[in-house]
Amino acid sequence: MDKQYIIANGEDILRFTVKTYMGEDVTEKSQIVVEGKDVVGAAFVTVLPKKYIVEVKYNDQKLISEFIAKEDDRYILIKSDSNTGQIGDIINLYAITQDGENITSTSHFYSNDQRMSSNKYLLDSHEWVEIRAEKDGVQSNLFYLSAEKARQQQLIEIFTGAWCGYCPDKIYKMRILQRNNAHSLVLSYHYEDAIEFSNIDYMIDKYNIITYPTAILNFESEDISAQVLDDNIQKTIDLKISILKKIVDNQLVFKLDLYSYEDMDNIKYIALLIKNKLKLDQKNFSSKDESSFYYQKPGLLVDHIHYNVVVDNFTDLKSEDLGNLKKGKALSFEFKPKDVDSDNASLVVIFTKSDVYYTSMVSL
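Sequential numbering of the sequence shown, starting at 431, is according to our numbering.
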């Protein structure tokens with residue numbers, strides 16, 4: 431949650447922007463509560479001086495933060511890339527003055543009142559950690575961090591092609607489902623076009639794909655055009671998942687680190703190479719369908735943007751077994767795609783435990 435102060439008529443107006451760890455703005459979907467009252471329009475006027483507790487709820491996640499409105503016109507705001515992540519993730523913290531100056535390099539950061547060596551915090555606990563910054567005697571607001579477990583996901587696989595005129599509308603509707611469901615992921619498998627999946631024949635046989643588009647939910651061979659996704663998924667997996675994307679000697683490398691903090695068995699995974707926002711001309715047969723997003727749009731969508739396109743697999747598509755994982759067991763894997771530039775490339779890892787699906791995706 432980003433916080434911004436604006437001085438107006440001797441009062442501070444606090445405005446909120448709530449974003450997920452993937453960068454999606456979910457302010458309008460979030461409930462923001464200050465002193466037991468809902469904040470309307472993500473902004474409210476403070477009374478000086480006073481301490482405020484702010485609670486933000488989005489889906490099943492909750493963030494609690496604290497700030498002090500002071501008569502002193504000097505204050506420091508803490509911002510970060512995210513306020514949560516998986517155990518092992520590093521969160522970058524930033525100190526910003528009331529004038530918008532970045533003073534991170536000259537500020538001291540503290541976690542639970544212990545001075546940190548830098549502005550980077552390693553998530554190593556599921557307990558909330560209190561973060562603050564200080565410079566020249568000026569204290570920042572309090573910022574809270576915690577790690578979360580890998581959560582159950584609902585995986586939607588869409589079979590499509592640039593020649594498929596009914597596919598853009600179907601993919602758009604599936605992406606709306608994903609946008610409205612924090613624990614879902616849509617992947618596209620292309621057939622007989624310039625961005626075809628390298629092992630598309632296997633996937634077609636696996637699901638017995640006959641018509642296009644077809645959308646599959648959680649590896650089940652049925653179309654989900656009318657499927658309503660469950661937005662109240664509670665299951666988590668006792669596995670720390672960390673994915674790092676890097677360039678080594680001009681070679682794109684994905685590093686997958688796993689850590690088990692409970693005894694687990696029957697854990698399997700699939701690793702896929704994804705390219706996002708690929709441009710390719712796309713047929714559109716929905717230009718006369720008033721219910722379609724593509725109504726009155728051209729029959730050929732030039733340089734159409736294709737999202738989350740599966741282009742290759744690093745593991746057996748039937749999944750690979752991690753075996754029996756004992757508490758404290760650490761595993762590390764590296765995946766090196768061939769002839770792929772790093773732009774918009776990502777790694778998706780799908781884990782299964784007792785037929786429940788969990789996904790982890792490196793930031794695009």
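The C-beta atom is built at its ideal place from N, Cα and C for all residues, glycine as well.
Measuring CA to CA, which of the options is closest to residue i?
i, options, result
"Cys594", "Asp668, Lys509, Phe715", "Phe715"
"Phe723", "Pro598, Ser570, Lys509, Thr782", "Pro598"
"His613", "Gln491, Glu626, Val568", "Gln491"
"Lys670", "Asp679, Gln681, Glu650, Ile697", "Ile697"
"Ala701", "Ser784, Phe573, Tyr725, Lys748", "Lys748"
"Glu458", "Ile561, Gly567, Arg609", "Arg609"
"Leu710", "Ile780, Asn532, Phe573, Glu622", "Glu622"
"Phe763", "Asp773, Ser772, Phe744, Val770", "Phe744"
"Val464", "Glu485, Val616, Lys449", "Glu485"
"Asn648", "Thr527, Ile588, Gly530, Ile735", "Ile588"
"Ala760", "Ile646, Met604, Phe539, Asp693", "Asp693"
"Ser672", "Ile780, Val678, Tyr602, Ile639", "Ile780"
"Asn706", "Val770, Glu750, Ile667", "Val770"
"Ser721", "Tyr602, Ala775, Leu552, Lys487", "Tyr602"
"Val678", "Lys766, Leu493, Lys487", "Lys766"
"Lys713", "Tyr574, Tyr596, Lys636", "Tyr596"
"Lys636", "Asp687, Ile586, Glu650", "Glu650"
"Tyr737", "Ile586, Gln726, Leu752", "Ile586"
Go ahead and label residue i buried or exposed: buried means 16 or more other beta carbons lie within 10 angstroms of its beta carbon, across all protein chains shown.
i, result
"Gln584", "buried"
"Leu730", "exposed"
"Lys768", "exposed"
"Ile606", "exposed"
"His620", "buried"
"Gly591", "buried"
"Pro728", "exposed"
"Ala525", "buried"
"Lys519", "Note that residue 519 is Asp in the sequence shown here, rather than Lys. Classification of Asp519: buried, given that the 10 Å Cβ count is 16 or more."
"Ser547", "exposed"
"Ile508", "buried"
"Tyr689", "buried"
"Asn754", "exposed"
"Ser537", "buried"
"Ile735", "exposed"
"Val741", "buried"
"Ala624", "exposed"
"Ser535", "exposed"
"Val448", "buried"
Per DSSP, which residues does residue i bridge with? Please list them.
i, result
"Val616", "Ile586"
"Gln544", "Ser541"
"Asp468", "Val463"
"Val455", "It is worth fixing the name first, because residue 455 is Asp in this sequence and not Val. Note: Asp455 sits in a beta bridge opposite Lys449."
"Phe573", "Ile561"
"Asp742", "Leu703"
"Met633", "Paired residue(s): none; Met633 is not in a bridge."
"Gln491", "Tyr488"
"Lys550", "Asn522"
"Glu720", "Answer by DSSP bridge pairing: none, since Glu720 is not bridged."
"Lys698", "Asp751, Thr782"
Distance check for residue j and residue i, CA to CA, integer angstroms please.
i, j, result
"Val559", "Lys757", "24 Å"
"Glu454", "Ala563", "26 Å"
"Asn549", "Asn522", "6 Å"
"Asp746", "Met633", "12 Å"
"Leu674", "Val739", "20 Å"
"Asp468", "Gln461", "7 Å"
"Val456", "Gln681", "35 Å"
"Lys676", "Lys718", "45 Å"
"Tyr540", "Asn611", "35 Å"
"Lys600", "Thr641", "13 Å"
"Phe684", "Asp773", "13 Å"
"Asp631", "Ser618", "14 Å"
"Tyr691", "Asp668", "6 Å"
"Ile506", "Ile483", "17 Å"
"Asp503", "Asn532", "At Asp503, the pLDDT of 49 sits below 50, so the modelled position is not reliable; the number obtained from the coordinates is stated separately. Distance between the alpha carbons of Asp503 and Asn532 is about 17 Å."
"Asn629", "Pro643", "18 Å"
"Ala645", "Ser784", "23 Å"
"Thr527", "Val568", "10 Å"
"Glu750", "Tyr699", "5 Å"
"Leu708", "Asp566", "49 Å"
"Ile639", "Ile704", "21 Å"
For the beta strand (DSSP E) containing residue i, name the first residue and the last one.
i, result
"Tyr689", "681–690"
"Lys565", "559–565"
"Ile671", "669–678"
"Thr782", "775–783"
"Tyr524", "520–527"
"Ala624", "Unbroken run through Ala624: none, as it is neither H nor E."
"Ala760", "760–765"
"Val732", "730–736"
"Lys713", "708–713"
"Ile508", "506–510"
"Thr644", "644–647"
Go to residue i, then tell me how far its alpha helix (DSSP H) extends in each direction, as first and last residue.
i, result
"Asp599", "597–609"
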